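Residue numbers (full-length UniProt numbering), protein chains in the order written: chain A, 1 to 131; chain B, 1 to 159.
C-beta: ideal position from N, C-alpha, C; glycine also.
Remember, predicted model here, so these are calculated numbers, not experimental data.
Taking it in order: structure first as structure tokens, then the write-up.
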């Protein structure tokens with residue numbers, strides 16, 4: 001029996017931004033902006049150290065929905081506003097809630113908060129095929 | 001930050017990018033939490049789908065082969081956005097720029113060897129609360145001409 005999905009269903013994904021994650025992500029993505037890989041450059045830009053690439057956090061949202069629908073190839077859309085930086089040694093909790101299921105496709109809202117309970121993303125929405 | 005509306009509609013690209021299997025794997029595992037070392041992308045953490053890095057498992061899976069992690073698309077689809085914000089005509093102070101919002105739509109899976117062509121344009125430029133907003137849209141098509149990834153990229157220029 002294929003799994004079924006309903007509005008109100010929830011999912012959770014927790015990720016830690018380890019100390020070198022911004023550097024690993026820079027290597028893999030090509031985003032070497034100094035504010036991500038150099039704490040001094042981040043401080044000079046008024047960010048109090050280096051910060052993780054927002055697109056890596058967005059990648060974690062994709063992981064969250066990909067795990068929930070059990071296939072990354074089903075992910076159809078991801079959208080978010082970057083509201084607060086993620087820093088090395090932050091732990092981010094992603095909580096998703098299905099808002100609609102229609103025509104073999106689900107939509108979910110996702111919140112992303114750090115270990116202090118502060119939102120790092122706003123208005124995050126994902127869509128995925130479910131068959 | 002004054003942004004000149006005459007640049008709305010300015011186009012960037014086409015940019016061509018060929019998806020390499022090992023690069024796809026590296027990206028998947030870097031996002032997934034692996035610790036890369038010389039010559040290896042690192043050990044895949046348990047939550048990472050084998051469809052993204054294990055050729056054998058992927059062959060038996062729903063797509064009949066390896067696929068890219070969806071947001072791998074940013075590696076190539078970002079080009080028009082980076083070109084726009086660095087465009088001397090716009091005269092943006094990069095020190096003051098932050099990535100404000102991102103919207104990515106995935107219309108098909110991406111596989112090793114796919115050749116993606118990305119084009120983009122400045123969709124909007126405006127000022128709000130003394131900050132500048134630069135909105136760039138992108139479209140990436142594969143070698144069959146199929147639209148695979150649509151992006152909306154928003155940069156915010158502080159102050």
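In chain A, which residues lie less than 7 Å from residue i when you measure between Cβ atoms?
| i | result |
| --- | --- |
| residue 103 of chain B | 79 |
| residue 100 of chain B | 81, 82 |
| residue 149 of chain B | Within 7 Å Cβ-Cβ: nothing; residue 149 of chain B doesn't reach chain A, min ~10 Å. |
Please list, in chain order, the chain A residues whose beta carbon lies closer than 8 Å to that of residue i.
| i | result |
| --- | --- |
| residue 26 of chain B | 27, 28 |
| residue 71 of chain B | 55, 58, 59, 62, 78 |
| residue 13 of chain B | Here the premise fails: no neighbours, minimum Cβ distance about 17 Å. |
| residue 184 of chain B | Within the shown structure, residues of chain B are numbered from 1 to 159, placing residue 184 of chain B beyond reach of any answer. |
| residue 32 of chain B | 63 |
| residue 115 of chain B | Neighbours of residue 115 of chain B on chain A: none; closest Cβ ~18 Å, over 8 Å. |
| residue 95 of chain B | 45 |
Quick one: grab the DSSP three-state call for residue i.
| i | result |
| --- | --- |
| residue 54 of chain A | helix |
| residue 81 of chain A | strand |
| residue 79 of chain B | helix |
| residue 129 of chain A | strand |
| residue 162 of chain B | Absent from the model: residue 162 of chain B. The displayed extent of chain B is 1 to 159, so no value can be given. |
| residue 37 of chain A | helix |
| residue 123 of chain A | strand |
| residue 134 of chain B | strand |
| residue 108 of chain A | strand |
| residue 13 of chain B | strand |
| residue 158 of chain B | coil |
| residue 49 of chain B | coil |
| residue 69 of chain A | coil |
| residue 119 of chain B | strand |
| residue 8 of chain B | coil |
| residue 96 of chain A | strand |
| residue 74 of chain B | helix |
| residue 139 of chain B | strand |
| residue 102 of chain A | strand |
| residue 102 of chain B | strand |
| residue 97 of chain B | strand |
| residue 125 of chain B | strand |
| residue 35 of chain B | coil |
Assuming residue i contacts residue j under a Cβ cut-off of 8 Å, what Cβ separation, rounded to an integer in Å, is found between them?
| i | j | result |
| --- | --- | --- |
| residue 66 of chain B | residue 111 of chain B | 7 Å |
| residue 34 of chain A | residue 41 of chain A | 3 Å |
| residue 112 of chain A | residue 119 of chain A | 7 Å |
| residue 66 of chain A | residue 121 of chain A | Residue 66 of chain A to residue 121 of chain A, Cβ: 17 Å. No contact. |
Going along chain A in order, which residues have a C-beta closer than 9 Å to the C-beta of residue i?
| i | result |
| --- | --- |
| residue 36 of chain B | 24, 27, 28 |
Show which residues of chain B have a CB atom less than 8 Å away from the CB atom of residue i.
| i | result |
| --- | --- |
| residue 72 of chain A | 49, 51, 52, 67, 69, 70 |
| residue 75 of chain A | 70, 106 |
Can you pull the chain B residues whose beta carbon is under 7 Å from the beta carbon of residue i, in chain order?
| i | result |
| --- | --- |
| residue 66 of chain A | 49 |
For residue i, return the contacting residues in chain B, with the cut-off set at a CB-CB distance below 9 Å.
| i | result |
| --- | --- |
| residue 69 of chain A | Simply none; closest approach about 11 Å. |
* To do: Decide yes or no for the touch test of the stretch 101–115 of chain A against the stretch 5–24 of chain B: beta carbon pairs closer than 8 Å, at least 3 of them.
  => no
* Would you call the stretch 133–152 of chain B and the stretch 78–95 of chain B touching, i.e. three or more CB-CB distances under 8 Å? -> yes
* To do: Identify each residue in the stretch 6–24 of chain A for which the Cβ-Cβ distance to at least one residue of chain B is less than 9 Å, and report them in chain order.
  => 13, 15, 16, 18, 20, 21, 24
* Asked: Is there contact here, the stretch 43–55 of chain B with the stretch 135–155 of chain B, by at least three beta-carbon pairs under 8 Å?
  -> no
* Give, in chain order, every residue of the stretch 44–73 of chain B whose Cβ lies closer than 9 Å to some Cβ of chain A. => 47, 48, 49, 51, 52, 61, 62, 63, 67, 68, 69, 70, 71, 72
* Asked: Below 8 Å, can you find three or more Cβ-Cβ pairs linking the stretch 72–88 of chain A to the stretch 3–20 of chain A?
  -> yes
* To do: Check whether the stretch 2–15 of chain B touches the stretch 91–100 of chain A, taking contact to mean three or more Cβ pairs, one atom from each stretch, closer than 8 Å.
  => no
* **Three or more C-beta pairs below 8 Å linking the stretch 72–82 of chain A and the stretch 102–111 of chain B** => yes
* **Contact residues within the stretch 35–46 of chain A, judged by C-beta distance below 7 Å to chain B** => 45
* To do: Check whether the stretch 52–70 of chain A touches the stretch 93–103 of chain B, taking contact to mean three or more Cβ pairs, one atom from each stretch, closer than 8 Å.
  => yes
* Asked: What residues from the stretch 71–90 of chain B come within 9 Å of chain A, judged by C-beta to C-beta, listed N to C?
  -> 71, 72, 74, 75, 78
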